[in-house]
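Novice: Residue numbers (the UniProt record's numbering): 1 to 168. C-beta atoms are modelled at their ideal positions from N, C-alpha and C, and glycine is treated no differently. Submitted below is the structure of interest, expressed as structure tokens.
Encoded structure:
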């Protein structure tokens, strides 16, 4: 596992692949991977699928560690070093790789909702904008939050996208 400048993981992976090819190191450096998973973000009521890095600032490299292969990887632009002690990288276990590949290939879509039942919230978008309420239910599968608001002198439940509200 390599440590890189955060935000440059894809560029490091691309550069490293080019260096491996141009220096004929395919027999020692086999695979370069930036671990990502697909998530769904909801903004202004619209769903958008995004790829999010699982380990920001890190790139996985499958390789046989020799002086030459270590030098090629270590001297790739924006690589700050290997994860490990001194100059010897610590390998990622097969079990960790299996878990990581399962997570990367996950087909069930995940919404990121940071609200829980009972949280006081303010509605910031939509027809109920500027109303205050309390979260009564969270539906993570659909990315929806049910909020109880006071309207016409009584409590009324409204269903909103999670990005239409903010915590008070």
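Under 8 Å Cβ to Cβ from residue 6, same chain only, skipping five residues before and after it: list those, please.
Specialist: Result list for residue 6: 56 and 57, in chain order.
Novice: By alpha-carbon positions, which one of 66, 128, 120 and 54 ends up nearest to residue 100?
Specialist: The option with the nearest alpha carbon to residue 100 is 54.
Novice: Identify, in the order they occur along the chain, each residue of the same chain with its Cβ nearer than 8 Å to the Cβ of residue 4, setting aside the five sequence neighbours on each side.
Specialist: Excluding positions up to five away in sequence, the list reads 12, 57, 58, 59, 78, 79 and 80.
Novice: With a CB to CB cut of under 6 Å and the five nearest residues on each side skipped, what residues in its chain are close to residue 144?
Specialist: If we look at residue 144 and ignore the five residues flanking it on each side, its Cβ neighbours are 159.
Novice: Taking buried to mean at least 16 other C-beta atoms within 10 Å of its own C-beta, is residue 29 buried or exposed?
Specialist: Per the 10 Å Cβ criterion, buried.
Novice: Cutting at 7 Å between CB atoms, please list the residues of its own chain near residue 76, excluding the five before and the five after it.
Specialist: Excluding positions up to five away in sequence, the list reads 12, 15, 16 and 19.
Novice: On the DSSP letters alone, give me the boundaries of the alpha helix (DSSP H) that residue 100 sits inside.
Specialist: From DSSP, the alpha helix (DSSP H) with residue 100 extends over 94-104.
Novice: Who are the Cβ neighbours of residue 131 in its own chain at under 6 Å, not counting the five residues just before and after it?
Specialist: Counting only Cβ-Cβ distances below 6 Å, and skipping sequence neighbours, we find 123 and 149.
Novice: Return the residue from the list 165, 41 and 50 that minimises the CA-CA distance to residue 115.
Specialist: Ranking 165, 41 and 50 by Cα distance to residue 115 puts 165 first.
Novice: Taking 8 Å as the limit between beta carbons, can you name the residues of its chain near residue 26, skipping five residues before and five after?
Specialist: Excluding sequence neighbours, residue 26 sits near 20.
Novice: CB residue 32 to CB residue 61, shorter than 8 Å?
Specialist: Yes, they are a contact pair.
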